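Residue numbers (the working numbering), protein chains in the order written: chain R, 44 to 155; chain X, 44 to 155. Using N, Cα and C, we set each Cβ at its ideal position, and we do this for glycine too. All values derive from a computational prediction rather than experimental measurement.
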DNA sequence: ATTGACACCTAGCAATACTGGGTGTAGTAA
DNA sequence: TTACTACACCCAGTATTGCTAGGTGTCAAT
């Protein structure tokens, strides 16, 4: 159901989840799913590469640990990541408002 | 300023503009720009191929005409296009609501 | 004569979400 | 003991799609 609608917005979503409190990849997926009310059910192949990308750009920092015999990589926001989250947030606001305006200009008959 | 944020949402926007009243490519660009309050200032290389794609999928139908010595291709929604607009609209609603939920779960200090 | 708005087009590039594969641990059910 | 599920990580390759950068041509204004 996720489709490819979140192109360009995935980073914002991930940063938002990790900002809440540091989380490892699997927990990020869970967080996105639960917080969105099951709308975002992202495959691992989407989230893990995104996390790597974000770390490479210096927006996230990670640490390995072992919990219950399983190795985990826990991510948290860097200063740069916080700034980026703020900026992306504003961009989203701007973007979604603009979409609403465009849609608002279109008459649409009683939704069947 | 447009960035690549509208990936996956461009079709919705175009359909919405054309639904208002049939328009040619250049007018679609103008419509998006004015309706969005200058947020969406899309290059021709983005819009024209999208229009072709939409026509190819049967969501739009076009007709050539000549106005003031210039040839125009005017697009209008097909029945299928109307259904698609409705569906995409709902998807957008769903999507943007979900994003808001995810963001809402994140505490954010006083915006500097 | 040249510039700018109008009006169309396309090939190739770049970014990025996803598919489909892989590794390994722990717990539970058969 | 075996099998299956949840947990937890990884990567190569694909596909979609918006954009860059080029092109053609008309008309009005400077």
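- Exclusion of the five residues before and after residue 116 (chain X) leaves 67, 105 and 107 as the residues of its chain whose Cβ lies within less than 6 angstroms of its Cβ.
- Our two residues, residue 76 (chain X) and residue 82 (chain R), have alpha carbons roughly 30 angstroms apart in a direct line.
- In the three-state scheme derived from DSSP, where H, G and I count as helix and E and B as strand, residue 95 (chain X) is classed as helix.
- A straight line joining the alpha-carbon of residue 102 (chain X) with that of residue 61 (chain X) spans about 11 angstroms.
- Residues of the segment 102-128 of chain X with a C-beta less than 7 angstroms from any C-beta of chain R: none at all.
- In this structure, DSSP gives residue 59 (chain R) a helical state, which the three-state scheme calls helix.
- When the beta-carbon positions are compared, residue 142 (chain R) and residue 52 (chain X) come within less than 8 angstroms of each other.
- Scanning its chain for C-beta atoms nearer than 7 angstroms, with the 5 sequence neighbours on each side dropped, one finds around residue 124 (chain R) the residues 58, 102 and 103, in chain order.
- Note that the C-beta distance between residue 85 (chain R) and residue 54 (chain R) is not below 8 angstroms.
- Judged by DSSP secondary structure, residue 145 (chain R) falls within the alpha helix (DSSP H) whose first and last residues are 122-147.
- For residue 116 (chain X), DSSP records a beta bridge to X:107.
- Residue 66 (chain X) is bridged by DSSP to X:118.
- Around residue 75 (chain X), the beta-carbon contacts reaching into chain R at under 7 angstroms are 145.
- For residue 52 (chain X), the chain R residues whose Cβ falls inside 8 angstroms of its Cβ are 48 and 142, in order along the chain.
- Under the 8 angstroms criterion on CB atoms, residue 63 (chain R) is classed as interfacial with respect to chain X.
- CA-to-CA, the gap between residue 91 (chain R) and residue 137 (chain X) works out to about 24 angstroms.
- Interface annotation, residue 96 (chain X): not in contact with chain R, CB-CB separation never under 8 angstroms.
- Within the model, the alpha-carbon separation for residue 127 (chain R) versus residue 113 (chain X) is close to 46 angstroms.
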